[in-house]
Structure formats: structure tokens, C-alpha cells
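The sequence shown begins at 1 in the UniProt record's numbering and counts up by one.
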Amino acid sequence: MNLKKYFVRALHRLQKGPGYTYKELLVWYCDNTNTHGPKRIIKEGPKKKVIWFFLTLLFASLVFWQWGILINTYLSYNVTSSLSIGFKTMKFPAVTVCNANPFKYSEVKYLLKDLDRLIEAALERILQPTPGNSSENPSPPLNLELWHQIPLVLIDEHDKDNPIIVDIFESNQTARGNQTPTGNETAAGNQTTAGNQTSEGNQTSCSHQGSDNCTYRNFTSAAQAVTEWYILQSTSILSKVPLHERIRMGYQAEDMILACLYGAEPCNYKNFTQIYHPDHGNCYIFNWGMEEEALNSSNPGAEFGLKLILDISQQDYIPYLSSAAGARLMLHQQKSFPFLKDQGIYAMAGTETSIGVLVDELERMGYPYSDCTNNGSDVPVRNLYSQYNTSYSIQACLRSCFQNHMTETCGCGHYLFPLPEGVNYCNNEDNPGWAYCYSSLRSSVRHRQICIDSCKETCNDTQYKMTISMADWPSEASEDWIFHILSYERDMSTNVTLDRNGIIKLNIYFQEYNYRTISESAATTIVWLLSSLGGQFGFWMGGSVLCLIEFGEIIIDSLWITVIHIISWCKGLKQKQAQTRYPDAPPTVSELVEAHTNLGFQHEDVGALPRDEALPPEPGTPPPNYDSLRVQPLDVLGPDSDTE
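Below is the structure:
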């Protein structure tokens, strides 16, 4: 019951309102607020009132302006980077080693024989473009099918205004200004000097043979053009070879890894994990951490690192595919895929390469401070490298994005990247226009930007900074016995089967156990925002949080008064509408009593008339009963009234 009375009183209080007008409310606020300016407005004289009014308005505007700047700075989510140095026992990085040459030439020669003969004939004509200087030795006919799909041409620029396009395997010459690209002409810009003739080589890819829809790649050297052309053609050939055959044609671990030592513990090729890399063939990873726990380094220094002796068998290199000789290696985190083409380094044959390692740990803040990801689950790109059970990286994302676009646009996948399910690698037989599609997609800025916008950096990353030094190995004094021992251990032969051009020694170790941590922290926090807002308000207006509460109170009272005025206006509007619909006012209780009283008197007067003065009844009607005409007065005053 008490609760009901409380709500009734509260309802009456709400209906009544604050009890004053807007003007009274404003005067009350200025007189009672703790902010300095408003008090002076109502207490000073007329002239000072104007001055204080403008000063208060000016400083209030400055406060709101500063507040806007502070809030905008907070919502920009800036970060600050801090560098700290620590000391701890660290995990030894995963080490991936590959041969710069992906396949043994003796194993793939039967696949590339037509391509090799074609490139040899092309080089002969490039170096001896005059028919009289060409070799007169008869040679078997060339398979020009590969040439017609992606040809090379030379551009003679003796006359700069009218350069001439020279097809290497055709005698006709075409002026470049009048030349129309066809399916059997490829332009790739190369510039080479043969005697006194300067020519440009061009590589062209067309959507289909005989089409005018072609792309051109220009090179400044014929060596570059020939290498790129050979890689593109060999990609089409090798893409049709099954994976197990490509692994067999590559360098095997027992042939490549001659000696291994980690710290004081011996190791061998069985301690390496084999993966197939499209750029480098068979690669071998030490301490990958997929099946066994990652190894820790007990101490810094070369004595406690990894020592390897590799044989790259340079004499079995593919002559036109790999122009560099050596081992390709990379240091990376455990369970991450090695992208050697981007992050790997070369180790030269005939040298001992020492690699001192320093560790940098990067810690980025996530959303909303930066657009990074922890595991790639929030990246809208299907990671094709997940088939290796490796962790997410931005390199894997970019390549997966490109391969996804290529499969959607070209209908096939590129040989250098993993394939989605149900898609085959591109080749010249099944996809004649794949080279044109690939070149167009690779040069498309729009597709590259889509992939860059879709992929994200990892929030936590470990980078290995390397200090590299080299020396000739083995020395001339020791090479005889070293090659004898290594040859015997590999081939069980007393003959020397190794030489300086194929041997590489690697030393990989931590320089020191000091590691650097580069971490991000929020430049602006909510505590900073509140203190800055309060500082600006206190400096310009002399206010505090209580002043803001007072200002909130006057706003609530103003809204309260406004709501009550709106309700009163609505009630008045309804009354006006009712008066318009019913112009006469409804009778009051006293008017009803008076009307019924008058009606009773009229009936009594009719009954008092003499019978002879009464109106005659209608014929056939019974005589009236005058006693029944008396009307009882209405009980309008209620049952407790004394009036009958």
C-alpha cells in the first residue's frame, strides 16, 4: 500500500513538473553552478554582463573545440612502438636448404629436348642474324609448335624512326610502325649487340593463335628474354609431370647432404623434412617442428650451431633454366612455409659461409589499432598452403589470392603455386591462351590491390637478422684429402668424385642470446582521454565533473518542462476539436435537475384541469387514467439525498 502511494505521488510530481519556467530555471542555474562564468553574468552590471556573456561563450566554444580534437585523436587509435632487449634460451630457427637448380638435367633432358634444340637454334640466329654467317651443318627439323605459341622477335633499331621487327625463324621482316601482332609473333623487349647491329628482343603472349589480343614483355638484354622465355615454356612442360616424378627427378637428401653436426650432436639427412618447392625442387628443412619438438640452442657461438656440408652437383644443372649456381637457404619460424624466392639467400659453391643470427620479435596490437591477424581465420582468402599444415603468413595469403584469381580468370592454376581442389595446372596443350591470361593478370594493378587489401600481417612475428661472412673452402692445401674423404663417404669410392664447384659448407649459429622485442602499445587510452577532457574544461571554464552533472540536471529539467508543455498543448488541441464537433456544451447536473422538475410540474397542471375542459379523446380510445400521469422526480442527487 505504501508503494502504491509512493508511485501516485511520483506521478503527481511528474505531472506538476519542476515548478518554474525556462527563464527561472536558467537564472537558478547561473546562480548556483560552480562554473565561474555564468555567475558573473547575472550578478554584474549591464555592461559587464555583456562582457562576461561573450567571454563565457568564447571559452565554452574553445572547450568544445579542444574536446573534438581530443576525441578524434583517441578514435584514430594511434600506437607507439617500444624496443626492449631480453636474454633467454631461444629455439633454434628452422633451416631450409635447396639447390638453386630444381632438377637434375640427366633426369629431365628427355622432356626438354625439343625446347633445348629450339632455344639453341634461336640463340644461334640471334648471335648470327645474317643468313651467310649461320651454321651450315645440317640439323634435324625443329618443333616450332612451342615457338608459335610464345615466340621471340628481334627489333632492329638502326633507324630509330622506323624500327624493324625480325622474326628469328622467318625470313620476312616487318616495320614496327606497320606491324600487327598475330598469334605466332611474340614481342619481348631485349636489346643486344651483334657486330654493328643493335636489336631489341620481345616476348609476346596472345589469347589464342592468330589473335590480335596479345601482351608484350620488353627486355634490355637477350639473356633476360631467353631465360624468361625458357622458364615460361618449361613451366608448361613440367606442369604435366606427376608430383612423385618431379620429386624423383630432383636432388635427393642422401646425395645432397654430405655431413651434418648440431652443436656436439651428429645428425644426417634423416633429421631433415623433405618438401617439394616449385622454384627449387626438393628442399630439406632442419628443425621444422612438425613431428618433433623444436630444438633449443644451448649457447651462442659457432660451436653450438648447425654445420652442414652440401653437394649441389653443378655439372648436372639445366643450362637454360638455372643461371645461378649454389645453395638457396632460409631461416624461418617453426611450422611456417619457406618462401625462398622472396626471403632466401644464396650460398656460393667452393666457400664456407658463416651466418650469425640475431632475433627480433614483433608484437603488433590487433583491431582497432592495426589490421593484423593472429592465425588468418579472419582473412577472406582461402589459404592454399594449409595443405602443408603450416601457419599463416602474408606471403602465403598473397600467393593464394593470386592463384585463386588465376583459376577463376584463366580456368587453370599456375605451376609455381598450390592448386585448389578440382583445378589443373596450366599447359599449352589444354590451355593455349594461359600465358596471355597469366601475363595480363600479373600486370593488373587492380588484382594486385585486391590481394593487398584482403591479406593481413600477422600480429606476432619473429624475424631473423643475419650477418654473413664467406671464405674459400676447402683451401688449396687441404682440398685433396677433404675431397677424398667426402667422396669415399658418399660413393664408397677411392676416386675423387667431388670438386670445388659443387661443395658448400654452412655454419649457422646465434651470435648472442640477446633478443629484441619491438612491441606496440596504445598511444591514447581512456584514462588519457578523461584526464585531457577534464584538464581542458578546468583550464578554460574552471569546471569539474560536478559542473557537468549540474549542466545535465538543467537539461533534464528543460526537457521535463518541454514535455509537460507538449502534453498541455495536446490536451488543448483535443478540447478545441471537441468544441468544433459539438458546439453546444453538455448540460450540467443542476440544469438536468431543473429540467426534470419543470417536466413534473407540467404533468401536474394537466391533471388539475377540469374534466370538461380537457381535450376530448379520439374516437375508439379508452378514457385516460390521470393518476398514472404523475411523474416521479429523478434521483439525480444520489441515494443519500433527502429530495424525493
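Glycine is no exception: its CB is placed at the ideal position from the N, C-alpha and C atoms.
Cα-Cα separation between residue i and residue j, rounded to whole angstroms
i: Glu200; j: Ile237; result: Because the pLDDT of Glu200 is 47, which lies under 50, any placement of that residue in the model is unreliable, and the question is left without a value.
i: Gly183; j: Val226; result: Caution is warranted here: a pLDDT of 35 is assigned to Gly183, below 50, making its placement in the model unreliable, and no coordinate value can be reported.
i: Asp360; j: Thr517; result: 6 angstroms
i: Val97; j: Trp528; result: 50 angstroms
i: Met365; j: Ser76; result: 14 angstroms
i: Ile41; j: Thr458; result: 59 angstroms
i: Ile508; j: Ile309; result: 12 angstroms
i: Ala100; j: Gly356; result: 22 angstroms
i: Asp311; j: Met256; result: 5 angstroms
i: Leu123; j: Asn282; result: 30 angstroms
i: Val79; j: Asn460; result: 15 angstroms
i: Glu363; j: Val423; result: 38 angstroms
i: Ile578; j: Ser568; result: It should be pointed out that residue 578 corresponds to Ala in this sequence rather than to Ile. So the two alpha carbons sit approximately 15 angstroms from each other.
i: Ile126; j: Gln334; result: 48 angstroms
i: Gln233; j: Phe304; result: 45 angstroms
i: Ala302; j: Gln511; result: 8 angstroms
i: Lys49; j: Leu573; result: 40 angstroms
i: Ala324; j: Tyr230; result: 15 angstroms
i: Arg448; j: Gln395; result: 13 angstroms
i: Asn172; j: Arg446; result: Only weak support exists for where Asn172 lies, its pLDDT of 46 falling under 50; the coordinates are left without a value.
i: Pro338; j: Met290; result: 14 angstroms
i: residue 645; j: Lys571; result: Coverage of the chain is limited to positions 1 through 644, which leaves residue 645 absent and any answer about it impossible.
i: Asn375; j: Ser391; result: 7 angstroms
i: Thr192; j: Ser221; result: Caution is warranted here: a pLDDT of 33 is assigned to Thr192, below 50, making its placement in the model unreliable, and the coordinate value is therefore given only provisionally. Roughly 6 angstroms separates the two Cα atoms.
i: Glu44; j: Ile51; result: 10 angstroms
i: Leu243; j: Ser521; result: 47 angstroms
i: Ile345; j: Tyr464; result: 12 angstroms
i: Asp480; j: Ala223; result: 37 angstroms
i: Gln536; j: Pro38; result: 18 angstroms
i: Ala60; j: Pro46; result: 21 angstroms
i: Asp159; j: Ser443; result: 30 angstroms
i: Tyr515; j: Asn383; result: 31 angstroms
i: Ala94; j: Met330; result: 8 angstroms
i: Glu489; j: Phe417; result: 37 angstroms
According to DSSP, residues forming a beta bridge with residue i
i: Met330; result: Thr96
i: Met388; result: Reading off the sequence shown, one finds Tyr at residue 388, where the question assumed Met. Tyr388 is not bridged to any residue.
i: Gln274; result: Tyr284
i: Tyr29; result: Tyr29 pairs with nothing; no bridge assigned.
i: Tyr346; result: Arg328
i: Pro266; result: Leu261
i: Thr353; result: Met470 and Leu506
i: Tyr515; result: Gly86 and Val359
i: residue 650; result: In the structure as shown, the chain starts at 1 and stops at 644, and residue 650 therefore has no counterpart that could be examined.
Whole-number beta carbon distance between residue j and residue i, since they are thought to touch under 8 angstroms
i: Asn501; j: Ala259; result: The pair is not a contact, with the Cβ atoms about 18 angstroms apart (cut-off 8 angstroms).
i: Leu486; j: Leu498; result: 5 angstroms
i: Leu297; j: Met466; result: Residue identity check: residue 297 is Ser in the sequence provided, not Leu. Actually they do not touch by this definition, with Cβ atoms about 15 angstroms apart.
i: Asn404; j: Val379; result: No, Asn404 and Val379 are not in contact; Cβ-Cβ is about 12 angstroms, not under 8 angstroms.
i: Cys437; j: Thr409; result: 6 angstroms
i: Cys401; j: Lys456; result: Actually they do not touch by this definition, with Cβ atoms about 12 angstroms apart.
i: Val108; j: Ile318; result: 7 angstroms
i: Tyr74; j: Thr524; result: 5 angstroms
i: Ile144; j: Phe169; result: Correcting the residue identity first, residue 144 is Leu in this sequence and not Ile. Yes, Leu144 and Phe169 are in contact; Cβ-Cβ is about 6 angstroms, under 8 angstroms.
i: His280; j: Pro102; result: 5 angstroms
i: Ile150; j: Ala435; result: 5 angstroms
i: Ser377; j: Ser336; result: Ser377 to Ser336, Cβ: 16 angstroms. No contact.
Other residues of its chain near residue i: CB distance less than 6 angstroms, five sequence neighbours each side excluded
i: Tyr513; result: Phe87 and Pro300
i: Lys4; result: none
i: Asn2; result: none
i: Gly538; result: none
i: Asn72; result: none
i: Tyr369; result: Tyr77 and Val79
Same chain only: Cβ atoms within 7 angstroms of residue i, ignoring 5 sequence neighbours per side
i: Ser532; result: Leu70
i: Ala253; result: Tyr269, Phe272, Gln274 and Tyr284
i: Thr35; result: Met541, Gly542, Gly543 and Cys547
i: Gln277; result: One point to set straight first is that residue 277 is His, not Gln, in the sequence displayed. Same-chain partners within the cutoff: Cys98, Cys283 and Leu340.
i: Phe53; result: Ile41
i: Ser82; result: Ser519 and Ser521
Cut-off 8 angstroms between Cβ atoms - residues of its own chain near residue i, not counting five sequence neighbours on either side
i: Tyr22; result: Ser558 and Ile561
i: Leu295; result: Lys91, Phe92, Tyr262 and Asn287
i: Thr353; result: Ala347, Ile468, Ser469, Met470, Ile504, Lys505, Leu506 and Asn507
i: Tyr425; result: Ser239, Lys240, Cys412, Gly413, His414, Tyr415 and Leu419
Exercise. Do the stretch 464 to 477 and the stretch 377 to 387 make contact, defined as three or more Cβ pairs closer than 8 angstroms?
Worked result: no
For this session: Would you be able to state if there are at least three C-beta pairs under 8 angstroms between the stretch 23 to 36 and the stretch 547 to 554?
Result: yes
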